[in-house]
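Basically this note's numbering = 1-based index in the sequence shown + 235.
Using N, Cα and C, we set each Cβ at its ideal position, and we do this for glycine too.
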Amino acid sequence: MPSISAHEPDRPDYAKMAKTYFHVFLRLLFSFYDCIIDFFFGLYYNDTTRKYISGVDYPFMLESASSVARKIRNKEMSSVDVVNAYIARIAQVNGILNSVVDERYKDAIEEAKQADKMIESGEWSKERLEKERPFHGVPISTKESTAIKGMRHTFGLTLRAHETAPDDAEVIKSMRRAGAIPFVLTNIPELNMWYETRCNVYGQTNNPYDTNRTVGGSSGGESSLISACGSPLGIGTDVGGSVRMPAYFCGIFGHKPTSGMINLQGLTRKAAEHTEMSLTCPGPICKHAEDLLPTMKVLMQGSKVELDLTTKVDVAKLRFFYIEDDCGDLRVSPIQSDQLNALRKAVKYVGELTGVPPKKLVPSKWKYGYKVWRYLITQEPERLAWELTNRNGTVCWWWETLRFFTGTSPYTLPSILRLIDLNVFPKENPEWVKEVLESLLGDLKRELGDNGVLLHPTHPTTAFYHNAAHLRPWNFTYTSIINALKLPATQIPMGLNSKGLPLGVQAIANPYCDRLTIAVAQELEQAFGGWVPPFKTI
236 MPSISAHEPD
246 RPDYAKMAKT
256 YFHVFLRLLF
266 SFYDCIIDFF
276 FGLYYNDTTR
286 KYISGVDYPF
296 MLESASSVAR
306 KIRNKEMSSV
316 DVVNAYIARI
326 AQVNGILNSV
336 VDERYKDAIE
346 EAKQADKMIE
356 SGEWSKERLE
366 KERPFHGVPI
376 STKESTAIKG
386 MRHTFGLTLR
396 AHETAPDDAE
406 VIKSMRRAGA
416 IPFVLTNIPE
426 LNMWYETRCN
436 VYGQTNNPYD
446 TNRTVGGSSG
456 GESSLISACG
466 SPLGIGTDVG
476 GSVRMPAYFC
486 GIFGHKPTSG
496 MINLQGLTRK
506 AAEHTEMSLT
516 CPGPICKHAE
526 DLLPTMKVLM
536 QGSKVELDLT
546 TKVDVAKLRF
556 FYIEDDCGDL
566 RVSPIQSDQL
576 NALRKAVKYV
586 GELTGVPPKK
596 LVPSKWKYGY
606 KVWRYLITQE
616 PERLAWELTN
626 RNGTVCWWWE
636 TLRFFTGTSP
646 YTLPSILRLI
656 DLNVFPKENP
666 EWVKEVLESL
676 LGDLKRELGD
686 NGVLLHPTHP
696 TTAFYHNAAH
706 LRPWNFTYTS
716 IINALKLPAT
726 QIPMGLNSKG
736 LPLGVQAIAN
746 PYCDRLTIAV
756 AQELEQAFGG
766 WVPPFKTI
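Structure below.
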């Protein structure tokens, strides 16, 4: 008599199979949806509407800010000449890009004269200048939401159209102490809360590689200007990818530091006491990875946190990991093949460099990145409905929606959509968010340790046509999940695709391991060429 415990053939799990097939079907459907968007937007935006920027008049504009600073210290050129050259460059490109929204040229030239006098006097040795004023005489830019005394400070709100900043933001004070000369402010989206750069105060900023396409946001004016050689170095802020996405779309470098380290005073109405709890992080935006580390050292001055930025990193001894996509969030566009290939090229390179193939990770909770970020952003002290009124009451979401469709609302569509999202759709359970964050962060911390780096696409697509983000509102999840986890991350350019649009990856590490991601950026720049100018060079 056969035993009742005799083995029976495993039956197929039809429910699991059906779920898998349905997931694949939805992915194919969303791929088709993306193709339709690109097709129709491509019909509207075509080569007849595209504009091109000219090349630079001075070769030093192709160099890093650190290189320009060295030449000023060595008296190879004067700070006044450098500032005037960048002022002239902005006059060449800003009519096409609409990056710069305010300037202090007269004051900047006077400060440049003082910088030159300091060098001529011999008061400071070159060595002392390099150590204490690493950006002596170098003009820098920052976004309009970063306070510079006496300059416009509207946050893209028409209700604040005539507001100016009463004092410098702390990050600007730090850069001034390092010898930098702030000379322009750049465009932002309304309240920095969108991943395209457009507002009702200043209009839309265009991508230097293709003016029909986005620069990203919210540091889009910065990235557009820097890539076009209108500024050697900029300071952005990153709350959901606002440094890394624009840097990616514009083919340059951007670093989001470990959260809670750099003073937020003067950044989009942030106060110093918000520094440790906020998702917002100020960080450098630049054409060359050489500028990331010295800028971070300056921004960290006065921080309560000690961050090791001096220990030399041997990239060949690091351990590498990679995540290829969003790991299952069906609202996010499938990753484009050229962007995936860029990631795989980086993965292959570091594998050959270290002699150990990078480990592929597929975190099951990675797909919840947007939900977690959405909850955390509602815990910030600033409330959207309050901020939109310039802190004079609150906005009613349904009334502003009606006003928008009748053309009478002073707010942009992204702000209206954000109001609807916050007021209509269910809110995340705080306990669930806590569990997801602890699970993700715990797993990553164990994997990465103090010498591991995670490579991940910066965005699923290359720079898309203007306004297409409204039809792909969740695609910034690739960067926002890093803000939610409060990890450091560096956007690294990886050349251009067949359409001449930038590709890139982000390097991510455990908290306070910023030096690792910056070292990887420098290594990949050497290997793949880094920034490619959006114009012909002789």
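Same chain, Cβ closer than 8 angstroms to residue i, neighbours up to 5 away in sequence not counted
i: P369; result: S301, A304, A413, G414, P529, K532 and V533
i: K361; result: R308 and N309
i: D269; result: S568, P569, T696 and R707
i: G730; result: A577, P737, L738, F763, G764 and V767
Distance, residue j Cα to residue i Cα
i: G604; j: A350; result: 46 angstroms
i: R395; j: C516; result: 23 angstroms
i: Y256; j: R262; result: 10 angstroms
i: S513; j: K669; result: 16 angstroms
i: T697; j: T283; result: 21 angstroms
i: L648; j: L544; result: 41 angstroms
i: K583; j: K341; result: 50 angstroms
i: P645; j: A703; result: 21 angstroms
i: M353; j: Y321; result: 21 angstroms
i: T493; j: P247; result: 46 angstroms
i: E358; j: N576; result: 52 angstroms
i: E682; j: T472; result: 28 angstroms
i: E673; j: K680; result: 10 angstroms
i: H427; j: I651; result: It should be pointed out that residue 427 corresponds to Asn in this sequence rather than to His. Distance between the alpha carbons of N427 and I651 is about 14 angstroms.
i: I570; j: S266; result: 9 angstroms
i: L657; j: Q536; result: 37 angstroms
i: N627; j: W621; result: 7 angstroms
Assigned secondary structure, residue i (DSSP; H/G/I helix, E/B strand, else coil)
i: H705; result: helix
i: H509; result: helix
i: L722; result: coil
i: G794; result: With the chain covering only 236 through 773, there is no way to say anything about residue 794.
i: E470; result: According to the sequence shown, residue 470 is Ile rather than Glu. The answer is strand: DSSP assigns I470 an E or B state.
i: N638; result: First, the residue type needs correcting, since residue 638 is Arg and not Asn in the sequence shown. If DSSP states are grouped into helix, strand and coil, R638 belongs with the helices.
i: L499; result: coil
i: L690; result: strand
i: M729; result: strand
i: T712; result: helix
i: P649; result: helix
i: Y700; result: strand
i: G739; result: strand
i: V336; result: strand
i: R448; result: strand
i: F763; result: helix
Cβ distance (whole Å) where residue i is taken to contact residue j below 8 angstroms
i: T752; j: T725; result: 4 angstroms
i: A744; j: G677; result: Actually they are not in contact, since the Cβ atoms of A744 and G677 sit about 16 angstroms apart, beyond 8 angstroms.
i: I558; j: L588; result: So it is not a contact: roughly 19 angstroms between Cβ atoms.
i: S477; j: G456; result: Going by Cβ atoms, the distance from S477 to G456 rounds to 11 angstroms, so no, they are not a contact pair.
i: S314; j: G372; result: 3 angstroms
i: Q574; j: P692; result: 5 angstroms
i: I520; j: I487; result: 7 angstroms
i: V336; j: Y437; result: 5 angstroms
i: Y280; j: H694; result: Going by Cβ atoms, the distance from Y280 to H694 rounds to 19 angstroms, so no, they are not a contact pair.
Proximity test, residue i beta-carbon vs the ligand ADP heavy atom, cut-off 6 angstroms
i: P492; result: No copy of the ligand ADP occurs in the structure displayed, which carries no ligand at all.
Beta-carbon proximity list for residue i, same chain, < 6 angstroms, skipping 5 on both sides
i: W709; result: R566, V567 and Y605
i: H523; result: S299
i: I239; result: With a pLDDT of 46 at I239, under the threshold of 50, the predicted position of this residue should be treated as unreliable, though the coordinate-derived value follows. Nothing listed; no residue qualifies.
i: G719; result: Reading the sequence as shown, one finds Ala at residue 719 and not Gly. Taken in chain order, the residues that qualify are V607, W608 and L611.
Contacting residues, own chain, Cβ-Cβ under 7 angstroms from residue i (five flanking each side not counted)
i: G563; result: K602
i: E617; result: R504
i: A463; result: I288, V328, L332, P443 and P769
i: T399; result: G385, M386, R387 and H388
i: V585; result: F555 and P593
i: V550; result: L588, A754, V755 and E758
i: T712; result: D561, D564, V567, G604 and Y605
i: R324; result: V291, M296, C464 and G465
i: K306; result: F295 and M312
i: A581; result: L690, M729, V740 and L759
i: T393; result: N435, V436 and P645
*Report the residue ranges of all alpha helix (DSSP H) runs contained in full by the segment 512–569; include only those spanning at least 4 residues, in chain order.*
527–534
*May I have a chain-ordered list of the beta strand (DSSP E) segments no shorter than 3 residues that lie completely inside the segment 355–423?*
374–378 and 416–421
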